[in-house]
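Trainee:
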Amino acid sequence: MRTPTTQIKTFQVPTSYVDELRAASVPESMARQFPGSPIVVDVNKAVDQFGLRSDKFDDLRAHIIPGSGGLW
Numbered sequence: 003m004r005t006p007t008t009q010i011k012t013f014q015v016p017t018s019y020v021d022e023l024r025a026a027s028v029p030e031s032m033a034r035q036f037p038g039s040p041i042v043v044d045v046n047k048a049v050d051q052f053g054l055r056s057d058k059f060d061d062l063r064a065h066i067i068p069g070s071g072g073l074w
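Residue numbers for the sequence shown follow the working numbering, so the first one is 3 and each next one is one higher.
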């Protein structure tokens, strides 16, 4: 039986991109009212945790700083 593994991928993005996410994000309680906005998540765990809609993935990928990736 194969044991499943979990990987966390990390990477850096420019501060300006994080600033854009902060400005556009909404609390989870308002996510349905703003279906195109990023969602602020895990506010009690860490700062700058965002849930991104699938249509924003390409934008995120475009902002990843090359060579900054890592695995945990």
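Glycine included, every Cβ here is placed at the ideal spot set by N, Cα and C. This one's a predicted model, so the numbers in the text were calculated from it and none came from an experiment.
Below 8 Å on the Cβ atoms is my contact criterion, and I expect residue 40 with residue 58 to pass it. Report the Cβ-Cβ distance as a whole number of Å.
Mentor: Here residue 40 refers to the residue found at position 38 when the sequence shown is read from its first residue. Here residue 58 refers to the residue found at position 56 when the sequence shown is read from its first residue. Going by Cβ atoms, the distance from residue 40 to residue 58 rounds to 7 Å, so yes, they are a contact pair.
Trainee: Between 44, 25, 14, 23, which has its C-alpha nearest residue 31's C-alpha?
Mentor: Sequence index remark: in the sequence shown, residue 31 carries index 29 (1-based). When only C-alpha atoms are compared, the closest one is 44.
Trainee: Can you name the start and end residues of the alpha helix (DSSP H) that residue 22 belongs to?
Mentor: If you number the sequence shown from 1, residue 22 lands on position 20. 17-26 is the extent of the alpha helix (DSSP H) around residue 22.
Trainee: By a C-beta neighbour count over all protein chains shown, 10 Å radius and 16 as the cutoff for buried, is residue 23 buried or exposed?
Mentor: Here residue 23 is taken as the residue at index 21 of the sequence shown, counted from 1. Buried: at least 16 other Cβ atoms inside 10 Å.
Trainee: Please list, in chain order, all residues of the same chain as residue 10 whose beta carbon is under 6 Å from its beta carbon, the five residues on each side excluded.
Mentor: Counting from one through the sequence shown, the residue named residue 10 turns up at place 8. Counting only Cβ-Cβ distances below 6 Å, and skipping sequence neighbours, we find 74.
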